[in-house]
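J.: Protein chains in written order, with the working numbering: chain A, 1470 to 1821; chain B, 1470 to 1821; chain C, 1470 to 1821; chain D, 1470 to 1821. From the three backbone atoms N, C-alpha and C, an ideal C-beta is built for every residue, glycine too. For reference, the structure I am asking about is given below.
There are 4 protein chains.
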Amino acid sequence: MRGFGMHSINDLGWIEKDRPACGPLDAIIRPTIIAPCSSDTHVGHGGSGPKTDLILGHEAVGIVDEVGAGVTRFKVGDLVAVPCVTPNWLSRGVQNYRSFSHDRGMFGSFKFLGEKDGVMAEYFHVNQADPNLAHIPEGVAPEAALMTVDMMSTGFHGAELAEIEIGEKVVVIGIGPVGLMAIAGAALSGASQIFAVGTRPKAAEVALAYGASQIISYKDGPLDAQVLEATGGKGVHKVVVAGGGTQTLAEAVRMTRPNGIVSNVNFLDISDQITLAALDWGLGMADKDIRGSFCPGGGKRIQRLLNMIEYGRIDPTKMISHRFHGFDAIPEAFKLMDTKAPDLIKPIVYLD
Amino acid sequence: MRGFGMHSINDLGWIEKDRPACGPLDAIIRPTIIAPCSSDTHVGHGGSGPKTDLILGHEAVGIVDEVGAGVTRFKVGDLVAVPCVTPNWLSRGVQNYRSFSHDRGMFGSFKFLGEKDGVMAEYFHVNQADPNLAHIPEGVAPEAALMTVDMMSTGFHGAELAEIEIGEKVVVIGIGPVGLMAIAGAALSGASQIFAVGTRPKAAEVALAYGASQIISYKDGPLDAQVLEATGGKGVHKVVVAGGGTQTLAEAVRMTRPNGIVSNVNFLDISDQITLAALDWGLGMADKDIRGSFCPGGGKRIQRLLNMIEYGRIDPTKMISHRFHGFDAIPEAFKLMDTKAPDLIKPIVYLD
Amino acid sequence: MRGFGMHSINDLGWIEKDRPACGPLDAIIRPTIIAPCSSDTHVGHGGSGPKTDLILGHEAVGIVDEVGAGVTRFKVGDLVAVPCVTPNWLSRGVQNYRSFSHDRGMFGSFKFLGEKDGVMAEYFHVNQADPNLAHIPEGVAPEAALMTVDMMSTGFHGAELAEIEIGEKVVVIGIGPVGLMAIAGAALSGASQIFAVGTRPKAAEVALAYGASQIISYKDGPLDAQVLEATGGKGVHKVVVAGGGTQTLAEAVRMTRPNGIVSNVNFLDISDQITLAALDWGLGMADKDIRGSFCPGGGKRIQRLLNMIEYGRIDPTKMISHRFHGFDAIPEAFKLMDTKAPDLIKPIVYLD
Amino acid sequence: MRGFGMHSINDLGWIEKDRPACGPLDAIIRPTIIAPCSSDTHVGHGGSGPKTDLILGHEAVGIVDEVGAGVTRFKVGDLVAVPCVTPNWLSRGVQNYRSFSHDRGMFGSFKFLGEKDGVMAEYFHVNQADPNLAHIPEGVAPEAALMTVDMMSTGFHGAELAEIEIGEKVVVIGIGPVGLMAIAGAALSGASQIFAVGTRPKAAEVALAYGASQIISYKDGPLDAQVLEATGGKGVHKVVVAGGGTQTLAEAVRMTRPNGIVSNVNFLDISDQITLAALDWGLGMADKDIRGSFCPGGGKRIQRLLNMIEYGRIDPTKMISHRFHGFDAIPEAFKLMDTKAPDLIKPIVYLD
């Protein structure tokens, strides 16, 4: 079968591989819509280290093509959303109450983009279908469902991680798809004033539609100075970092009040060095938590996000800026994500 | 000065009293808008035990008329919202991280309706003005601000107490003002499907506007049976009890999934007996929490709720069904609340 | 093979069955030490409803006798502790952050005593060996390890559920093995004063050894009155219910301060009715949580408890009051648990 | 009156000042035992910026010498423990559920060592006596009580902030008094294996007495390498930082498992720069929280810690390595703390 991925760092193209084999608890999926993600391009450029002959992609909805003998909830022909994070639920790493992301070590639950081939292929493999897949409810468009598997899950998680209380003021740094969903997630978590940080006009428009109160631009000066000024010198209660560079975390800490939380869902580069002045962090005693987490895995998470669409709490399709058709369009969609055209938010590719 | 209240149980009318004295940390407020609440009528009928010569009312916005020498944040002439719960912040009872409601014993932070006269008077007293009052931001209508001091605070608290996670299914029992705000609070906390329980058509309409997915009526059979049927036998994750009788808690427990939470913000009667079958509560081992809490007190809480209005997250004035004018209209508004006319949600009285 | 269990309610004795079959993810265990538990006798008497031809027992350590092809962490001959609660980790029910006890519905994760035969047999079956078994560390005696699988796990959970903060005052109702471990768990969670409720002298002595500050007896008057008197009328912050009858929960609520938690780990009878006066529960608004939960399942939990023994934080063998030897001694040990001799705390049976 | 403090950075000595005035809610205390703390020497050397003519010291027990008219719980002659952090409970900053440390801005609740003179004086001032002082229970030695006001409160807080679950493995970096109390706090929070990091033999001995399982030394190689080796490459669940330099936080992050927490209670220097490699922090997605907090303030906190001593949960006097007598001994005790003699843990000075 054919898939799109990386031969090696910065050498991307079509890869020919065998159709993956299906274990007794697993499923093989034929994707019907996929979306490239900046994590794919990040990995393609070596951001998580060297990889070879790896099919990329981790956002898909599709049709179940095969299931193992031990699968009971899903059958061939089912239309499913596939979480980008699919924990091994038989590992010890999931037996805690904080996250299911690190099944057999750090990021262990993230199988695509490293441990195995991704979804930009004719077929792809999902470990443990029963706990990891989600049926798409009637009334939820497949392209909307596609938005749940990473963008909604990760963006909302940025808001969850920040433990936003009703009425708190929040900054979301970055208005790419994850940032946009962090904005929506913050609004759905009870934030009052939401500052969104970004510059791209189309994304800014969507940010306002998802609940941002106002847009702040890097171009108008240091972010923390802008936020402090806009809040009477106090700063905000919570900051979600969904974009930016290595200095962003320090800016985020500076704009956060004591007892606040900085919540990072931005994929840092393997070569990044974070620096933070002790003074900005209150000499280590300011009760400013710094957290960084990962898209929560598993089918129940996605089911709940699909319910958010089903009951009208959010329409994630506002993020879809570009729609491509046909398997052969994958490279073009991928390149668009890589080069980040000014009007780009999220491209998707209909495969059938 | 004149106030409206109870001479004794079920004997209500005008009461003549001295203007209250202002302690060094306190304020005297001249109310400009007040709202009677079912808690006032409940107390008037003896629901919290006997009281005599007590001015009722605990929901007001008004003008600061006098401040003590130690007050620094407020001055005479300021327009303020007054939380119905005004803790004594110098007590030990507030030094915990769960609630500030029980300053010197159970409900100690609730001063009106018992410890001292209420707000349906020409003037009323607020202990510790600095921590307990809130300025009303520009752009927030005083009648909207009035909704924060108990209805929004209590209703939202029902949702907060239920620790709703994004995508969870929620039942709110009761569509009086507290129930309506619990619905809005659930939606603002990330609920997906929200069942609202009630029968009054006008309130049902507002419930849908605040985010209810559908209305369930007591008249169509046992509530738990209806909810179980609507959820494929599973029940919901969280239930907020904002109305009902003594059997309601047991119904709520039955409609709740394991790992769920029943959150009560309904003011039970002093003579009520709660009964619960062990089987319904999973033989005591079903991880179904039963919680009951109180409107959180203090000025910061109200400030944050005012910010929710300021930034367009909610318009609580949809609840205001009746507007009265003039001090002499208080008894009529009170009676309307007491008799609960079919089209009643929340009456308010403009005093000036 | 032979096992000890119930032919039907109140008709107990030896049962002959086939050795259980081992699924691909599972293990068959040959128990080396077992302990009867009051839950076994409770079920034998019909406390959870009718059962027939069911081998009882859910507390065992033993030797792995067979593993399925998919098992990687355990091999034949390994000495293991077997959690009494063994979730199906492929279910959706475990994908939440509150408990793993309800895998496919209420108590679904508790397989013994209902869904399948128990451990008082020559061999027994464990679903999903990798996530559910635990190796016993060197230096931890097998009989100490046996105490982790239910008594330590459940008793400590009572303390965990109560969210004890450093310095809080706690009541533990019941000084059977679960109550004793709740006392130890409370001490290991930072409680200051711990009241233990019970009457049996030997158990009382062990309670003091595990950290109880003083013993309270039912015989000296209502429990809540005694606790209120001993705390200057204030009551305690947290109560763990590990014994008692249907009135115990109401007593527990009455002795709990506002902002407190009542945590039930007592197995209520299927016919019990709980009653609670609204006044005792603060008219539903006193911030007194009522929680009831179940022994947390899975191998990681047991591993952590074994570590507590390994590093000298607790010696659970102080609870072992009676040691029997040989498979044929099971009925006698069971009967001892059923009749609760005055000097009984926990009997165990060495099978080899 | 006379006090010991800093004329300016690095210029320490006796300072003559007026006895402080007592506000209506306040108290004046005559200290009977004081303890210098490394925070005092840190400030004396300019670690928190320039200060002039400031009496140092923030750890004292003493006798109430005067109370304001509004004080109700304390009277002249009472023996009290004085929290080092005394929030202004009338501020808005305390109205949150995370910490009470930042009353009118960062560290606002810490009045000594900056906002006003400290306790190494004939008399000192305590704002808001009712919420901020604590009576010393009978049976608790005053020198034990002295250990609660900062060392126990801060050290235990390090453990609390790390949210240690029963059976988790913990590293405490630093075995000064705060580190020692973090070790005891970790043991009292349910930790199993506790690694203590330090080199001073006497402190190491006390660390083992408070619950450390083993001692690790900086001298034997990088800390994270040692901890990873001792835990089979996995690292620990939680790390409390109670000492070290600017590189310590990065080491702590490296030795922490995913889903872990690094909890800092070390007072960083105003000139410190923290650096952290993205890779060590799991590219920002490893669910490794970094927290930094402050000694919790208020009288209830201290009361609870005094109860821990009263009920025999801990004996903090094991930390007292040097006892001085008389007011004139303060400079010698201070110097001892400053120069950190090898056998020093905590010096105290009896003033009467």
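Hey, Phe1664 (chain B) and Ala1719 (chain B) are a contact pair by Cβ (cut 8 Å); roughly how many whole angstroms apart?
T.: Reading the second sequence from its first residue, position 195 is the one you call residue 1664 (chain B). Reading the second sequence from its first residue, position 250 is the one you call residue 1719 (chain B). About 17 Å; that fails the 8 Å criterion.
J.: Quick check on the burial criterion: 16 or more other C-beta atoms within 10 angstroms. Buried or exposed for Val1545 (chain A)?
T.: On the first sequence, residue 1545 (chain A) is found 76 positions in, with the first residue counted as 1. So Val1545 (chain A) ends up on the exposed side.
J.: Using the beta-carbon of each residue, which ones in chain B are nearer than 7 Å to Gly1767 (chain D)?
T.: Stepping through the fourth sequence from its first residue, residue 1767 (chain D) is reached at position 298. Gln1564, listed in chain order.
J.: So what does DSSP say about Glu1698 (chain A), is it helix, strand or coil?
T.: For this step, residue 1698 (chain A) is matched to residue 229 along the first sequence. Here Glu1698 (chain A) sits in helix by DSSP.
J.: Roughly how many whole angstroms lie between the Cα atoms of Ala1651 (chain C) and Ile1642 (chain C)?
T.: On the third sequence, residue 1651 (chain C) is found 182 positions in, with the first residue counted as 1. On the third sequence, residue 1642 (chain C) is found 173 positions in, with the first residue counted as 1. Distance between the alpha carbons of Ala1651 (chain C) and Ile1642 (chain C) is about 9 Å.
J.: With a threshold of 9 Å between beta carbons, is Ser1682 (chain B) in contact with chain A?
T.: Position 213 of the second sequence holds residue 1682 (chain B). Yes, Ser1682 (chain B) lies at the interface with chain A (some Cβ there is under 9 Å from its Cβ).
J.: Can you confirm whether Arg1471 (chain C), when its beta carbon is compared against all beta carbons of chain D, has any partner nearer than 9 Å?
T.: As a first step, residue 1471 (chain C) is located in the third sequence; it is residue number 2 there, counting from the start. Closer than 9 Å: no.
J.: Cβ closer than 9 Å: which chain A residues qualify as neighbours of Pro1600 (chain C)?
T.: For the purposes of this step, residue 1600 (chain C) is identified with residue 131 of the third sequence, where counting begins at 1. Correct list: Trp1558, Leu1559, Ser1560, Arg1561, Val1563, Gln1564.
J.: Are the segment 1587-1600 of chain A and the segment 1499-1506 of chain A touching by the rule of at least three beta carbon pairs closer than 8 Å?
T.: Yes, since at least three Cβ pairs between the segment 1587-1600 of chain A and the segment 1499-1506 of chain A fall closer than 8 Å, the two stretches touch.
J.: Are Val1639 (chain D) and Lys1707 (chain D) close, meaning C-beta to C-beta below 9 Å?
T.: On the fourth sequence, position 170 is the one that residue 1639 (chain D) refers to. On the fourth sequence, position 238 is the one that residue 1707 (chain D) refers to. It is a contact, given that the beta carbons lie within the stated cut-off.
J.: So, is Gly1667 (chain A) buried or exposed, given that buried needs 16 or more other C-beta atoms within 10 angstroms?
T.: Against the first sequence, residue 1667 (chain A) aligns to sequence position 198. Label assigned to Gly1667 (chain A): buried.
J.: Can you pull the chain A residues whose beta carbon is under 8 Å from the beta carbon of Leu1494 (chain C), in chain order?
T.: Taking the first residue of the third sequence as position 1, residue 1494 (chain C) is located at position 25. The answer, in chain order, is Leu1559.
J.: Tell me Pro1816 (chain C)'s beta-bridge partners as DSSP assigns them.
T.: Looking up residue 1816 (chain C) in the third sequence gives position 347. C:His1791, per the DSSP bridge assignment.
J.: Between the Cα of Leu1525 (chain C) and the Cα atoms of C:Trp1483, C:Asn1565, C:Arg1488, C:Pro1493, which residue gives the shortest distance?
T.: Stepping through the third sequence from its first residue, residue 1525 (chain C) is reached at position 56. Closest by alpha carbon: C:Trp1483.
J.: Would Ala1550 (chain B) and Ile1605 (chain B) be called neighbours here (beta carbons separated by less than 9 Å)?
T.: For this step, residue 1550 (chain B) is matched to residue 81 along the second sequence. For this step, residue 1605 (chain B) is matched to residue 136 along the second sequence. Result yes, Cβ atoms of Ala1550 (chain B) and Ile1605 (chain B) sit closer than 9 Å.
J.: Check for me: the beta strand (DSSP E) holding Ser1732 (chain D) runs from which residue to which?
T.: Here residue 1732 (chain D) is taken as the residue at index 263 of the fourth sequence, counted from 1. Its beta strand (DSSP E) spans residues 1725-1733.
J.: Between the Cα of Ile1644 (chain D) and those of D:Glu1634, D:Ile1633, D:Pro1670, spot the shortest distance and give me the residue it belongs to.
T.: One-based indexing of the fourth sequence puts residue 1644 (chain D) at position 175. Ranking the options by Cα distance to Ile1644 (chain D), first place goes to D:Pro1670.
J.: Please identify, using Cβ separations under 9 Å, the residues of the segment 1632-1665 of chain A that lie next to chain B, in order along the chain.
T.: Residues passing the 9 Å Cβ filter: Glu1634, Ile1635, Gly1636, Glu1637, Lys1638, Gly1654, Ala1656, Leu1657, Ser1658, Gly1659, Ala1660, Ser1661, Gln1662, Ile1663.
J.: Can you tell me which residues form a DSSP beta bridge with Val1590 (chain C)?
T.: Looking up residue 1590 (chain C) in the third sequence gives position 121. According to the sequence provided, residue 1590 (chain C) is Ala. The question's Val does not apply to it. Answer is C:Gly1472.
J.: Take the Cβ of Gln1716 (chain B) as the centre, count every other Cβ of all protein chains shown within 10 Å, and call the residue buried at 16 or more, exposed below.
T.: The residue given as residue 1716 (chain B) occupies position 247 in the second sequence. Classification for Gln1716 (chain B): exposed.
J.: Let me know if Leu1774 (chain C) comes out buried or exposed under the rule of 16 or more other beta-carbons within 10 Å of its beta-carbon.
T.: Numbered from its first residue, the third sequence carries residue 1774 (chain C) at position 305. So Leu1774 (chain C) counts as buried.
J.: Considering only the alpha carbon of each residue, which of B:Ala1490, B:Ala1747, B:Pro1816, B:Val1818 lies closest to Tyr1592 (chain B)?
T.: Counting from one through the second sequence, the residue named residue 1592 (chain B) turns up at place 123. Answer by Cα proximity: B:Ala1490.
J.: Does DSSP put Ser1622 (chain D) in a helix, in a strand, or in coil?
T.: For the purposes of this step, residue 1622 (chain D) is taken as residue 153 along the fourth sequence, with counting starting at 1. Of the three classes helix, strand and coil, the one that applies to Ser1622 (chain D) here is helix, per DSSP.
J.: In the DSSP output, which residue or residues are listed as bridge partners for Ala1529 (chain A)?
T.: If you number the first sequence from 1, residue 1529 (chain A) lands on position 60. Answer is A:Ile1503, A:Val1551.
J.: Less than 9 Å between the C-beta atoms of Pro1816 (chain D) and Thr1617 (chain D), yes or no?
T.: Within the fourth sequence, the letter at position 347 stands for residue 1816 (chain D). Within the fourth sequence, the letter at position 148 stands for residue 1617 (chain D). The answer is no: Cβ separation not under 9 Å.
J.: Could you check whether the Cβ of Tyr1679 (chain B) sits closer than 9 Å to any Cβ belonging to chain A?
T.: Reading the second sequence from its first residue, position 210 is the one you call residue 1679 (chain B). For Tyr1679 (chain B), the answer is no, since every Cβ of chain A falls outside 9 Å of its Cβ.
J.: Using DSSP bridges, identify the partner residues of Arg1760 (chain C).
T.: Residue numbering aside, residue 1760 (chain C) sits at position 291 when the third sequence is read from its first letter. In DSSP, Arg1760 (chain C) forms a bridge with C:Ser1732.
J.: From the DSSP output, read off the bridge partner residues of Ile1743 (chain B).
T.: Locating residue 1743 (chain B) in the second sequence gives position 274, where the first residue counts as 1. Paired residues: C:Leu1745.
J.: Determine the DSSP secondary structure at Ser1560 (chain D), reduced to helix, strand or coil.
T.: By 1-based counting over the fourth sequence, the position of residue 1560 (chain D) is 91. Ser1560 (chain D) falls in the coil class under three-state DSSP.
J.: Just list the residues that DSSP pairs Leu1630 (chain C) with in beta bridges.
T.: In the third sequence, residue 1630 (chain C) corresponds to position 161, counting from 1. According to DSSP, which records beta bridges pairwise, Leu1630 (chain C) is partnered with nothing at all.
J.: Any beta-carbon of chain D closer than 9 Å to the one on Gly1577 (chain B)?
T.: Here residue 1577 (chain B) corresponds to residue number 108 of the second sequence, with the count starting at 1. No, its Cβ sits nowhere closer than 9 Å to a Cβ of chain D.
J.: What three-state label does DSSP hand Ser1661 (chain C) in the structure shown?
T.: Residue numbering aside, residue 1661 (chain C) sits at position 192 when the third sequence is read from its first letter. Reduced to three states, the DSSP call for Ser1661 (chain C) is coil.
J.: Do Tyr1819 (chain C) and Glu1612 (chain C) have their C-beta atoms closer together than 9 Å?
T.: Numbered from its first residue, the third sequence carries residue 1819 (chain C) at position 350. Numbered from its first residue, the third sequence carries residue 1612 (chain C) at position 143. Yes, Cβ-Cβ distance for Tyr1819 (chain C) and Glu1612 (chain C) is below 9 Å.
J.: Closer than 9 Å between beta carbons: that is the criterion. Which residues of the segment 1776-1798 of chain D meet it against chain C?
T.: Against chain C - using a Cβ distance shorter than 9 Å - the residues of the segment 1776-1798 of chain D are Asn1776, Met1777, Ile1778, Glu1779, Tyr1780, Gly1781, Arg1782.
J.: Whose Cβ in chain B lies nearer than 7 Å to the Cβ of Leu1774 (chain A)?
T.: Taking the first sequence and counting its residues from 1, one reaches residue 1774 (chain A) at position 305. Correct list: Gly1636.
J.: For Gln1597 (chain D), return the contacting residues in chain B, with the cut-off set at a CB-CB distance below 7 Å.
T.: As a position in the fourth sequence, residue 1597 (chain D) is number 128, starting the count at 1. Per Cβ cutoff of 7 Å: Leu1559.
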